[in-house]
Amino acid sequence: MRLVPGDPERLGGFWLAARLGAGARGIVYDAYDDEGRRYAVKVPRVEVEPVERLTCPHLAEVVASGVERGIPYVVSEFVDGPDLRQAVERHGPYQGEELAALAAALAGALRALHAAGLTHRDLRPESVLLAAGGPKVIDLRVAAGGPLEATCTYLAPEILTGSGHEPATDVFSWGAVVLYAATGCDPFAGRSLGGVLHRLLTVDDDLSALPDGLRDLVGRALAKNPADRPAAEELLVEADAGALRPPQGVAGRGSLGELAEAVYAGLTPRQQEAVPGLLLRLMDGDEPHDEGGVLAPLMEAGLLVRRSVRVPPTETPVGKLVAVRDDRVAPASAALYRAWPRLRGWVADERDGLPVHRELRLAAARWSRRRRGRSYLYRGDRLDTVLGWAAAKRRHLRLSQLERDFIGASVALSKQRRRLLRPSLATLAAALAVAVSMSAVSLSGEQELRGRLLEANARAVAARAEALRSSDPRTAMRLSVAAWRMSPVFEARAALQASLAQPELGVFTDPAADERARYLLRGDELVRWQAGTLVVWDVRSGRQLASRPLPEGSAALSEDGRYAEGPGGRPVEVATGRPPDAGTYTITDGNRTRVYRGGEVLLDVTDRRVAVSRDGGRAAISALDGRVELWELPGRTKVREITVRPPAGPDRSAPPVAFSPDGRTLAVAGRDGVTLLTPAGGGSRPAAPADAPVSAYAATSTAEAGDGPSLADTSAGTPVFSPDGSLLALPGRDEVRVWRVADRRLAGAYRFRGEQHGGLAFSSDGRTLRYLSGLGSVVSLDVSGLPAPSPGVRTAALSSDGRVAAKEVGDAIRLTDVVARKPLAEIAATGDVAFDADGRLLAVAGDPVTVWEASGGKRVAAIDAGGDVPAVALSPGGDTLATARGRRLETWDVRAGRRIKVYEGAGDLAMAFSPDGSTLASGTSLLDLRTGQVTPLVPGTAEPTALAFSPDGRTLALGLGGGRVELWDVRGRQRAGVVETGSAPVRDLRFSPGGDLLAVDAERTSLWDAGTLREVGQVGSGAEGVAFSPDGRRLRGVAADGTVRESPVDPALTAQEVCARAGGALSQDEWSRLIPESDYQDAC
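If you read the sequence shown in numbering that gives the first Met the number 0, its first letter stands for residue 0, the second for the next number, and so on.
Here it is as structure tokens:
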């Protein structure tokens, strides 16, 4: 329900988006704070008393309350779910465990209130919301307004006779609400107010609908005398208060941001381009033109409206006039600019430039009204400012034709007055002329004009690629290649690199997506179940594979969509419509799960999670208390039982369980991580790494943290194995994490796109991981490049030219020629390694420090430094060795094996030689190896984790523990710039051979333009060390399995790989639709 004239726009710092409801008690609004978090704001009819914060899972948290401009308000958490009356009216009264769960939840809420010395004052069905985490009580201490008959059936008799509110009055209301939930009828109902009051004061209502466990307690709660009622502490109901869920079919109201994102996703690319500028202009009070037909879908969705203006009430022949329509379009609510994350980003991008554009818009309008007189044009600094903004800082706002004409006329006038002779202004004017296609500004030479036009178009296409990266990754990849082919500007290169690194391969969306449908994801297929029909789609090709009718009254499907439960709970095979005669499968309906073999029920459980092995021989059943039972299905025999701590969180649930494809491993997700169990294991205890000990469980045992082969992942989602069982995917709140089963190491983490996600499945070949996103969409992630485990590989490194790789395996170091892909040697040493410039020699830290020839593995020298040396460095020519032991740094002549010099207090674990070998950087100090002088370079107490000189030796890059990289001018001893890569420590730094790029290996490997310090993009992940190839066109790294991976960093090579990932270039039809401003070219 949209806002109406007179509704406030903002209360207490919260932006009101729409009315959720209105009645005798007040008005409830959907509201958002400045960060887009959602709340409910209630404006009661009477002022509300302040409420302190209470900690109870069944009380809606009150965030704020107050009075603003004479309007009282209460801000509470947003509870997504129907109220109790709506649920009962649509789905009937509650019974059994659900009724007990409701009673327990309400009793818990009253106990928390009364313990804080508060009373609710008006507990009734409308005050109870059914959320996903269980019931929530709202309207704390908000006195009822309006007619007495609206609330009196839930008020205690003493309130009607004039007594005040006491805890006992809440207890009476509790009993009345529980009785309503059990019967579906208001207690003490009568034909008139007098009849209601008579029954309330003198008659005991019929309690026969209540189960035995509740009947006596509710009867005592409804006692006429407050002294005869139990206290809230005595309302003890044996039930799981969190087990009650909203009834199926009652969908919660989506947030304003979700609505806006869904509308945006349904627009064409051309319309999507027009949305940012349109909304930014509306925010600034402009009246934009409808470019691309965007207004209609936005207005149809209720995001934009024709404004109504409130006027003084006036009597008319048809009634009282309170508002008149204004033809201008405006956002339905200013909350849109806070609730929609994408729009918040657009506003942030343009925030600094909005004042400049506002002045430009008003100046252009004034110029037009004054018959375009020259005296109203921009000159001097004002023209410089608007040209600088339009050419370099404008990202989403498009200039209108009037604004373009105004700038063009201003530039022409300034040229006549010879004000555009300064090179900087001339450059800006030229760039702007291209960006807005102003033919009025002439450039020196047709070739220059064409080049600038291509640059502007390439930037626009690169921005288009970024806009589509979430909703259509494949098209985004193709657009980035097209942008680079049009012109090799930085923005196009960054888009190209992002296309290579992005894990998303594509997004398939059900053409007939419907919020009433249910979706299942199975490998390469999406199953939609709706209105008695099951439709199967191939998510790779987008083809519909099948459409089958379901038996009338089908209530649930099996996990793979092959079987359905028909009327009376009888299973049928979806493909044939006949009762199944074979196969083992599970069907879950609500909180009840049945395991079938053919048409026979093998197991029937409630409030449990169930997994069945692929061969149908075993089932794992987990309970809310963390118990996990293993059953042999042929004999329906429980053979083992373990206990884990159940997942933490507001929604209490049983631990998720899953079998590996071969049935030999069971994954159990608990609070302390994921435990991997071997159902057939005996009592032996195999050897394993200390951080993840392995133990086969006995018939009954308890699996505490670290007592089983475990993954340190506390996801509460259901684990999913890859088809070969080597990977395990775990869905979290914001991302899905993929673990290698063999060595229990994290192989990759991928953020979910959008706010709604669920369902997880590997493709049939295991190279792609898919998840459900939003409404009927499937996102495909590329997991084909994840490294496989390699037993014994601990550390790895690359020579600075990327030709030689060293990896520590067991008690030796293996050396490999990366280019020829052949082994070079295996040396009997372990420890930190350092190469010379061309990878000919390497030094190995330890006691003693040894130096080896990479080709052949001959030992060149053994240096006794007086103890274990943790860090070493070799000069570019390999003739000088630096060792650090504590704060003592020593230099050595490699061939002679003698010490050259000792530098006390200069030792550090991070060391690097300059390219000419004359300077050694150690931590934050520079050592002149010719004079022996030590010069502090970086003031303060910074502790670098990695160092690297640029090829010319003029710049030193220092990697720090917090993901920060500082670049220092070696000669001038001044900081030249800073790069922020994240929060993880920097492990390695490498400059490209040409010095134009800097690779930073931290939590992720990123590539930076060394001149501008702008991030070019990411380059894979999981590398132990990084190095550029000798020609600088590729970046190499040693993966966790010991193999050397390389990624192209040369844009031409990157474009080739992106074309292969995307399956080719844009077609001519796609080009004309997506890049109408440029002629078609085959970008691949």
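The beta carbon of each residue, even a glycine, is placed where N, CA and C say it ideally should be.
| said: I need the DSSP call for ALA252, collapsed to helix, strand or coil. | reply: Counting from 1 along the sequence shown, the entry for residue 252 is found at position 253. With the sequence shown as reference, residue 252 is identified as Arg, and Ala is not the correct amino acid for it. Coil.
| Going along the chain, which residues of its own chain have a beta-carbon closer than 7 Å to the beta-carbon of VAL817, five neighbours each way excluded? | Taking the sequence shown and counting its residues from 1, one reaches residue 817 at position 818. Only GLY801, ARG802, VAL803, ALA804, ARG1035 and VAL1043 meet the Cβ criterion.
| So the alpha helix (DSSP H) HIS756 belongs to, where does it begin and stop? | Here residue 756 refers to the residue found at position 757 when the sequence shown is read from its first residue. Not the alpha helix (DSSP H): HIS756 falls in the beta strand (DSSP E), residues 756-761.
| Rounded distance between the beta-carbons of THR583 and THR592, thought under 8 Å | On the sequence shown, position 593 is the one that residue 592 refers to. On the sequence shown, position 584 is the one that residue 583 refers to. Contact flag wrong, Cβ pair sits at about 13 Å.
| task | Report yes if the C-beta distance between ARG214 and ALA220 is below 7 Å; otherwise report no. | result | Mapped onto the sequence shown, residue 214 falls at position 215. Mapped onto the sequence shown, residue 220 falls at position 221. Against a cut-off of 7 Å, the Cβ pair of ALA220 and ARG214 comes out as no contact.
| said: Just to check my reading of the structure: ALA459 and GLY1016 have Cβ atoms closer than 8 Å, yes? What is that Cβ distance to the nearest angstrom? | reply: For the purposes of this step, residue 459 is taken as residue 460 along the sequence shown, with counting starting at 1. For the purposes of this step, residue 1016 is taken as residue 1017 along the sequence shown, with counting starting at 1. 19 Å between Cβ atoms; not a contact.
| query | By Cβ distance below 8 Å, which residues in the same chain neighbour GLY91 in space, the five residues on each side in sequence not counted? | reply | Working through the sequence shown from its first residue, we reach residue 91 at position 92. Counting only Cβ-Cβ distances below 8 Å, and skipping sequence neighbours, we find GLY183.
| field | Residue from GLN973, THR474, PRO43 and GLU599 whose Cα sits closest to the Cα of VAL571 | value | One-based indexing of the sequence shown puts residue 571 at position 572. Closest option to VAL571, Cα to Cα, is GLU599.
| task | May I ask which residues mark the beginning and end of the alpha helix (DSSP H) holding ALA475? | result | The sequence position of residue 475 within the sequence shown is 476, counting from 1. Unbroken alpha helix (DSSP H) run through ALA475: 472-485.
| field | Helix, strand or coil at PRO646 [DSSP, three-state] | value | On the sequence shown, residue 646 is found 647 positions in, with the first residue counted as 1. Correct three-state label for PRO646: coil.
| said: Using 8 Å for Cβ pairs, my map puts ALA1061 next to ARG473. What's the rounded Cβ distance? | reply: Here residue 1061 is taken as the residue at index 1062 of the sequence shown, counted from 1. Here residue 473 is taken as the residue at index 474 of the sequence shown, counted from 1. That belief holds up - the Cβ atoms of ALA1061 and ARG473 are roughly 5 Å apart, short of 8 Å.
| field | Cut-off 8 Å between Cβ atoms - residues of its own chain near GLY444, not counting five sequence neighbours on either side | value | Position 445 of the sequence shown, counting from 1, holds the residue named residue 444. Annotation note: pLDDT 39 at GLY444 (below 50); position unreliable, no value reported.
| message | For the stretch 354-363 against the stretch 386-401, do three or more pairs of beta-carbon atoms, one drawn from each stretch, fall closer than 8 Å, so that the two count as touching? | response | yes
| From ALA610 to LEU154, what does the alpha carbon distance come to, in whole angstroms? | Locating residue 610 in the sequence shown gives position 611, where the first residue counts as 1. Locating residue 154 in the sequence shown gives position 155, where the first residue counts as 1. Roughly 48 Å separates the two Cα atoms.
| field | Residues of its chain near GLY1063, where Cβ-Cβ distance is below 7 Å and the 5 sequence neighbours each way are ignored | value | Stepping through the sequence shown from its first residue, residue 1063 is reached at position 1064. Only CYS1083 meet the Cβ criterion.
| query | For GLN973, which option in GLY962, THR954 and ARG989 has the closest C-alpha, if you only look at C-alpha atoms? | reply | Position 974 of the sequence shown holds residue 973. Residue THR954 is the option with its Cα nearest to GLN973.
| Exposed or buried, what is VAL978 when buried is set at 16 or more other beta-carbons lying within 10 Å of its beta-carbon? | Here residue 978 is taken as the residue at index 979 of the sequence shown, counted from 1. Burial call: buried.
| task | Compare the Cα-Cα distances from ARG280 to each of LEU303, ALA259 and PHE751 and report the closest residue. | result | Taking the first residue of the sequence shown as 1, we reach residue 280 at position 281. Selection LEU303, ALA259 and PHE751 evaluated against ARG280 yields LEU303 as nearest (Cα-Cα).
| message | For GLU232 and SER621, I'd like the C-alpha separation in whole angstroms. | response | The count along the sequence shown starts at 1 and reaches residue 232 at position 233. The count along the sequence shown starts at 1 and reaches residue 621 at position 622. The straight-line gap from Cα to Cα measures roughly 32 Å.
| As assigned by DSSP and simplified to three states, the class of MET437 | Along the sequence shown, read from residue 1 onward, the residue named residue 437 stands at position 438. The predicted position of MET437 is uncertain, since its pLDDT is 39 and thus under 50; a value taken from the coordinates is nonetheless stated next. Note: MET437 maps to coil in three-state DSSP.
| Exposure label - TRP14; buried when at least 16 CB within 10 Å | Taking the first residue of the sequence shown as 1, we reach residue 14 at position 15. With 16 or more other Cβ atoms within 10 Å, it is buried.
| task | Assign GLY5 to buried or exposed, taking buried as 16 or more other Cβ atoms, counted over all protein chains shown, within 10 Å of its Cβ. | result | Translated into the one-based positions of the sequence shown, residue 5 becomes position 6. With fewer than 16 other Cβ atoms within 10 Å, it is exposed.
| said: Tell me the DSSP secondary structure of TYR153 in three-state form. | reply: To locate residue 153, count along the sequence shown from 1; it is residue 154. Note: TYR153 maps to helix in three-state DSSP.
| said: Here's the rule I'm using: 16 or more other beta-carbon atoms within 10 Å means buried, otherwise exposed. How should ILE1152 be labelled? | reply: Nothing about residue 1152 can be read from this structure; the chain reaches only from 0 to 1083.
| message | Give me, in chain order, the residues of the same chain whose beta-carbon lies closer than 6 Å to that of VAL1149; leave out the 5 immediate sequence neighbours on both sides. | response | One cannot answer for residue 1149 here, as it falls past the ends of the chain, which runs 0 to 1083.
| task | Please name the residue in ALA222, LEU122 and SER486 whose C-alpha comes closest to that of GLN1080. | result | The residue labelled residue 1080 in the question sits at position 1081 within the sequence shown. Checking every option, the nearest Cα to that of GLN1080 belongs to SER486.
| message | Could you pull the DSSP bridge partners for ILE406 from this structure? | response | The residue given as residue 406 occupies position 407 in the sequence shown. Per DSSP, none; premise fails for ILE406.
| message | According to DSSP, simplified to helix, strand and coil, what is THR890? | response | Here residue 890 refers to the residue found at position 891 when the sequence shown is read from its first residue. Strand.
| Which stretch, first to last residue, makes up the alpha helix (DSSP H) that contains LEU83? | Indexing the sequence shown from 1 puts residue 83 at position 84. Residues 83-90.
| query | When the Cα atoms are used, what is the spatial distance from MET476 to ALA264? | reply | The sequence position of residue 476 within the sequence shown is 477, counting from 1. The sequence position of residue 264 within the sequence shown is 265, counting from 1. Those two C-alpha atoms are separated by around 18 Å.
| request: Return the residue from the list ASP968, ARG68, LEU58 and VAL62 that minimises the CA-CA distance to PRO7. | output: Taking the first residue of the sequence shown as position 1, residue 7 is located at position 8. Of the listed residues, the one whose Cα sits closest to PRO7 is ARG68.
| task | Taking all protein chains shown into account, decide if ALA434 is buried (16 or more other Cβ within 10 angstroms of its Cβ) or exposed. | result | Translated into positions along the sequence shown, residue 434 becomes position 435. A caution first: ALA434 carries a pLDDT of 47, below 50, which makes its placement in the model unreliable, though a value can still be read off. It counts as buried.
| task | Could you tell me the boundaries of the beta strand (DSSP E) in which GLN529 lies? | result | Counting from one through the sequence shown, the residue named residue 529 turns up at place 530. Where GLN529 is concerned, the enclosing beta strand (DSSP E) stretches over 524-529.
| said: Quick check on ARG608: does DSSP put it in helix, strand or coil? | reply: The count along the sequence shown starts at 1 and reaches residue 608 at position 609. Strand.
| Do the stretch 931-948 and the stretch 987-1005 meet, that is, are 3 or more Cβ pairs less than 8 Å apart? | yes
| Leaving out the 5 sequence neighbours to the left and right, which residues in its chain are closer than 6 Å to LEU525 when beta-carbon positions are compared? | Numbered from its first residue, the sequence shown carries residue 525 at position 526. Counting only Cβ-Cβ distances below 6 Å, and skipping sequence neighbours, we find TRP536, VAL538 and VAL777.
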